[in-house]
Amino acid sequence: MSFFYYQKRLLRDFTNLSMLFRRNYDGHLVSMHQAGTHWLRNLLAHVIAREYRLPIPDNIRSNAVVGGPNRIPTHAGPHIVQSHKIPGPLFSLPVWRRFLKFPRYLVLIRDPRIATASHYKKHCKESPKSFSEFLRNQGGDEHFMKDIWDDIRFLNTWMPLSKEWPDHVRLVRYEDLRSDTAGTLQDIVDFFGIATQADTLEWSIRQCSKETMSAREDASRRFKVVREDEASPLAIYSDADKAYFLDAYQRHLKAEIPYDLNKW
């Protein structure tokens, strides 16, 4: 990583105070890109809509039930927003927690190797870059919404917060949501303080299957949210790509993550 690029990112992080000022909601789903964000967002939207008798969203990109930091819901249910935000270091200072009220933060992560490959595959049709070139990006690419450094910054910020502030920051792995959807979703709604009827979670999971979500995609959008699972999502990495990825994470990842990046 170049010195100029590092300094640019460092300055942007230190001046990012948006999450300190925007706290007027009940919960915040914060996720890595390509970590199952739309799936979990729709699961939560269906749970809230059913429990609070709200209209069911007819589009999987709808933010009527689960909104965004700049578009907070106004319905009668819990106000939950979703973003990919990485707060600046000042947000992490414990002093704020003594006299400011904060929402609860649900942090959704995924194996960063797969998340990186998935992001490239989603957006590569608009870009002339190969995966190897994308992997070595250092910002300023109009075709992609993130690079490898964004994931490192995300993990370096949110992983320590989940340990230092467990009452307000809860970590969820996409892999656990996939393998035990009902159990993980129950933990999530409990964390957000959402009381549910006996069959609400099961109903919400059925409504958010790949088939039903695909049917509710906006046909006019260039990029599809729902895509088929891959048998070998890491096959796109060459040996040189693997070495570059591991070197970047070994040098710059300061937090412990629940993934063994040495096993390909």
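Per my numbering, the sequence shown starts with residue 149, numbered consecutively. Idealized CB from N, CA, C, for every residue including glycine.
Check, Outcome
"Buried/exposed call for Val229, threshold 16 Cβ in 10 Å", "buried"
"Chain-order list of residues whose beta-carbon lies under 6 Å from that of His176 (same chain, five-residue window excluded)", "Val229, Pro251, Tyr253"
"Gln355 versus Asn304, Arg284, Phe282, Asp206, residue with shortest Cα-Cα distance", "Asp206"
"Beta-carbon separation (whole angstroms), Phe393 vs Arg261, contact threshold 8 Å", "6 Å"
"Distance between Val213 and Pro226 (C-alpha atoms, nearest Å)", "9 Å"
"Alpha-carbon spacing of Arg160 relative to Ile196, whole angstroms", "35 Å"
"Contact set for Ile405: own chain, Cβ-Cβ below 8 Å, skip 5 residues either direction", "Ile257, Pro260, Leu303, Met307"
"Other residues of its chain near Ala265: CB distance less than 8 Å, five sequence neighbours each side excluded", "Phe279, Pro381, Leu382, Ile384, Tyr385"
"Helix, strand or coil at Ile228 [DSSP, three-state]", "strand"
"Assigned secondary structure, Ser108 (DSSP; H/G/I helix, E/B strand, else coil)", "Outside the shown range of the chain (149 to 412) lies residue 108, about which nothing can therefore be said."
"Val195, DSSP secondary structure in three states", "helix"
"The segment 178–186 contacting the segment 292–300, beta-carbon criterion three pairs below 8 Å", "yes"
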